[in-house]
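Novice: Counting from 852, one number per residue, gives the positions in the sequence shown under the working numbering.
By construction, the Cβ of each residue, glycine as well, lies at the ideal position given by its N, Cα and C atoms.
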Amino acid sequence: MRDLSRTKLLERLSALILREPQDRDSLTQLLRSAHRRNLLDADALSIIEGALAVSEMQVRDIMIPRAQMDVIDIHSRVEDFIPQVISTAHSRFPVIDQNRDDVIGVLLAKDLLRHYAGEEEFNVREMLRPAVFIPESKRLNVLLREFRASRNHMAIVVDEYGGVAGLVTIEDVLEQIVGDIEDEYDFDEA
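#1: Val1019 and Ile913 look like a contact to me (Cβ under 8 angstroms); what is the Cβ gap, rounded to whole Å?
#2: Count the other C-beta atoms from every protein chain shown that fall within 10 angstroms of the C-beta of Glu1040, then say buried if there are 16 or more, exposed otherwise.
#3: Relative to the C-alpha of Lys989, which candidate in Thr879, Gln909, Gln873 has its C-alpha closest?
#4: How big is the Cα-Cα spacing for Arg890 and Leu882?
#5: How about Ile1021 and Val1015: are their beta carbons less than 8 angstroms apart?
#6: Candidates Ile933, Ile985, Glu1011: which alpha carbon is nearest Arg965's?
#7: How about the segment 885 to 901 and the segment 983 to 1003: do they share at least three Cβ pairs that are nearer than 8 angstroms?
#8: On the DSSP bridge assignment, give the partners of Pro981 in chain order.
#9: If I'm right that Leu991 touches Gln1027 with Cβ under 8 angstroms, what's the distance once you round it to whole angstroms?
#10: In three-state DSSP terms, what is Ala1041?
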């Protein structure tokens, strides 16, 4: 019994001396203190705080809602949806069969180059990649790990009834950590 109380006393003393954070709030306070003392720059602090926040967020918090998804109907001709591919500048498009609840695959914009390379018969259905479906309750840190492991960059988000609720990309998750990621195709809609 005496050894147990000594151990507890030593643990308490070391915690006081070392000031190790005991919870997320303590850790955040410690990081902000390090920033104020110029031990951590603002960008690093923001990234660390973003990484901590991601572990508490769910896909539903950041997904692109179903109504805002840019999709391609499998029954459309290539010539009809090429303007959409160009104007949105997305690299991936969910392909649907008549309605947004029927996602049958994902078309990569780069696969459309075959059409322009002069292949005699370009069949969109043959170009489709399998769609990945995830629940809207999935945690972002888990999704990021899955994206990295599977080398997948997009998932279709389904609600509790199995209907399509939206979509999420690896870029959406990474932006929660590092802030907005703008590339040469992003522009202000002023």
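Specialist: By the coordinates alone:
#1: The pair is a contact, with the Cβ atoms about 6 angstroms apart (cut-off 8 angstroms).
#2: Because the pLDDT at Glu1040 is just 48, under 50, the model does not fix this residue reliably, and the value given afterwards should be weighed accordingly. An exposed status is given to Glu1040, since fewer than 16 other beta-carbon atoms sit within 10 Å of its beta-carbon.
#3: Selection Thr879, Gln909, Gln873 evaluated against Lys989 yields Gln909 as nearest (Cα-Cα).
#4: The amino acid at residue 890 is misidentified as Arg; the sequence shows Leu. Straight-line Cα distance between these residues: approximately 9 angstroms.
#5: Not in contact: Ile1021 and Val1015 (Cβ atoms no closer than 8 angstroms).
#6: If we check each option's Cα against that of Arg965, Ile933 comes out closest.
#7: Segment contact: the segment 885 to 901 against the segment 983 to 1003, fewer than three CB-CB distances shorter than 8 angstroms; contact not assigned.
#8: Paired residue(s): none; Pro981 is not in a bridge.
#9: Here Leu991 really is in contact with Gln1027; their C-beta atoms are around 6 angstroms apart, less than 8 angstroms.
#10: Any reading at Ala1041 is ruled out, since the residue's pLDDT is 43, under 50, leaving its predicted position unreliable.
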